[in-house]
Each structure stands twice: as C-alpha cells, then as structure tokens.
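Contents: one structure, followed by commentary.
Rendered as structure tokens:
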C-alpha cells in the first residue's frame, strides 16, 4: 500500500520534487520505506528522477489503472471512495456484486486491466483486451423501490458522456437505451444489474458496469464486432490515458448519483439531446422476431416511443427489446 501512497503523493505534486523526508512524514512510513516504494514503481515502468537535497520527481508513467493514480483526483467523492484495481477478473460487474453481497459500502468501484468474461445485455460477451480499454463497475445502494430505478442506466449514459467530454473534449451520443456511440460506431457498453433482499424483496444494491473502448486498434476487435465498434484512439487520432479517463468517468458518476433522482428533468433533457435513435427508422429486435418502426421520442421515463407501420404507437421500456438502425448499427 505504501507504493500506492507514494505514487499518489508524486501525482499530487506532479512536476515538483518531493523530499523523502516530507513523504516519510506525510505518509507515516520510514525513509527506507519511501525508497523501496520508489524503486518498486521504477521497476513497473515509472520514470522518477532524484536529486540530492531535493527528493523525487515523477517524470513519466505507464498507462495503468491503480489506486495511486486515482485516489488524488477522487478525494472527497462518494463514488470511488473505495477502489479495487485488478490485473485480471472474470467480470468487474461480477466482482462488484460479490463485494456487495459481502457487505461492501456503496461507492465501491472495481476496475480491471482485463476481463475474461465481460458481459453485455442479454448475455452477450463484451470484448476486453488487456490494457486497451477501461472496464469498471460501480456499486450503489439507493434507498428506493426496485421499480423506481428502472431509468438508472439512462442516467449513467449521460454521466459517461460527461466524463468522456471532460477528458477528451468530444461528446459522444447515446443509442437508446444504453450504448454510447461516436461517429456512428459503438464506443461504450453499459450494463446495470440489481440485487434484491430475499425476504423483503427490497433493493439491496445496484451495480453498473461500463466498458469503454479506449486505445483499441481495429485488429483488437473480432471481425463481427469490427464493423460496428470504434475506440477513442481511432476517433481522436491519439492515445488516451486510461487513468485520466477513469477519474473523469467516476467523478461524473459521483455527480450523477448525488443528483439521482431529484434532478430528473436535467438528465432527461440531456439524454434526449444526445439520443441518436429518435427521428429514424429502426428495427425492434426480440429473440423471435424483428419489426420495423419509426422512433418518435424518448418519453418522460426514458422509454422509447415508436410508430409502427400501421400507424399504431408503442412505448418500449429498456430491456424489452433491442433497437438497431435500419441501415447500420445506429
């Protein structure tokens, strides 16, 4: 843990020298402990210069997701108040649910460099190449009835767009109900799962998983996904530091959760403004059928209102069907 604390302090004082004595006092560890942590970070690829009578300065860092990179930017936030940064996991959502069942407090965020069993809606797999994307899950315990949180994923979608914009300067769009797209291709998948108390059937926890394609090249996606998926690096023409993106995403989630559900009109307006599904011909896809419709609007509960070929209007709630554009993914 001292390694993460030393890294967090160097990050906080980026561009400055920090003496070993000052770090020893601030962190409550010995000078030898500081030196050991510095050497450990250097072995992991961190470039840390040292100068007599001045101390240590962080010069360059690898693109890693770890507490030392994130604890400073997330100081004071509820979401991200506890971090689990893993090298590999079956699924961040699954791990987050395990922690929730074990009694973890809300605000826990689980991140991983790689998922071996990443999941999307309807049991689909989510491709999670190591060190390329941002795979994180956050756990919440809102004191609401299960039926009252049906729009939670839509709020998360707005928050994810906020975080990406804050980090990268571009604001992606939302494909109803829970995919984030950029230039017509899928950039982010969101999966929200809830747990109920067995005896009372009341809401115990919500876990929201967010998978963002960050630095993937086209060859990192399987052939069937390559046609509809993109990454931030592909669209921006430059790599994106995942730790910086993670911090902005978690901060946006923290702001969103503080506003939920009181500021519904604000998030609904921003969801509608960013939704690329409305105003287009779409396919309504179930396991047994496909129907054509025209997407009219997102109603006051984040449901999609469509008009069928016979002129009949239908309101679709999240989870009932998949919606895909007639002439492409969007």
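In the working numbering, the protein residues as written are 153 to 482. Ideal Cβ placement from N, Cα and C applies to all residues, glycine included.
N-terminal and C-terminal residue of the alpha helix (DSSP H) that residue i is part of
i           : result
residue 373 : Looking at the DSSP string, residue 373 is not in any alpha helix (DSSP H), and its letter there is neither H nor E.
residue 401 : 394 to 411
residue 230 : Taken as a continuous stretch (DSSP letters only), residue 230 belongs to no alpha helix (DSSP H), as it is neither H nor E.
residue 221 : 219 to 222
residue 386 : 384 to 388
Exposure label - residue i; buried when at least 16 CB within 10 Å
i           : result
residue 333 : buried
residue 391 : exposed
residue 367 : buried
residue 475 : buried
residue 461 : exposed
residue 327 : buried
residue 321 : exposed
residue 205 : exposed
Pair within 8 Å by beta-carbon distance, residue i and residue j
i           : j           : result
residue 481 : residue 284 : no
residue 294 : residue 358 : yes
residue 261 : residue 208 : no
residue 308 : residue 360 : yes
residue 183 : residue 173 : yes
residue 290 : residue 405 : yes
residue 429 : residue 445 : no
residue 193 : residue 179 : no
residue 403 : residue 355 : no
residue 362 : residue 312 : yes
residue 249 : residue 341 : no
Three-state secondary structure (DSSP) of residue i
i           : result
residue 155 : helix
residue 190 : helix
residue 433 : strand
residue 327 : strand
residue 316 : helix
residue 337 : strand
residue 465 : strand
residue 198 : coil
residue 209 : strand
residue 414 : coil
residue 296 : coil
residue 486 : Since the displayed the chain opens at 153 and closes at 482, residue 486 lies outside it and no answer follows.
residue 203 : strand
residue 482 : coil
residue 147 : In the structure as shown, the chain starts at 153 and stops at 482, and residue 147 therefore has no counterpart that could be examined.
residue 438 : coil
Nearest-angstrom beta carbon gap, residue j and residue i [assumed within contact, 8 Å]
i           : j           : result
residue 364 : residue 286 : 4 Å
residue 450 : residue 423 : 6 Å
residue 344 : residue 304 : 6 Å
residue 220 : residue 266 : Not a contact, Cβ separation roughly 19 Å.
residue 335 : residue 382 : 7 Å
Residue interval of the beta strand (DSSP E) (run including residue i)
i           : result
residue 477 : 474 to 477
residue 99  : The shown model of the chain, from 153 to 482, leaves out residue 99, and the question about it has no answer.
residue 361 : 355 to 364
residue 262 : 260 to 267
Beta carbon proximity, residue i to chain D, threshold 8 Å
i           : result
residue 410 : The chain labelled as chain D is not found in the depicted structure, where only one protein chain is given.
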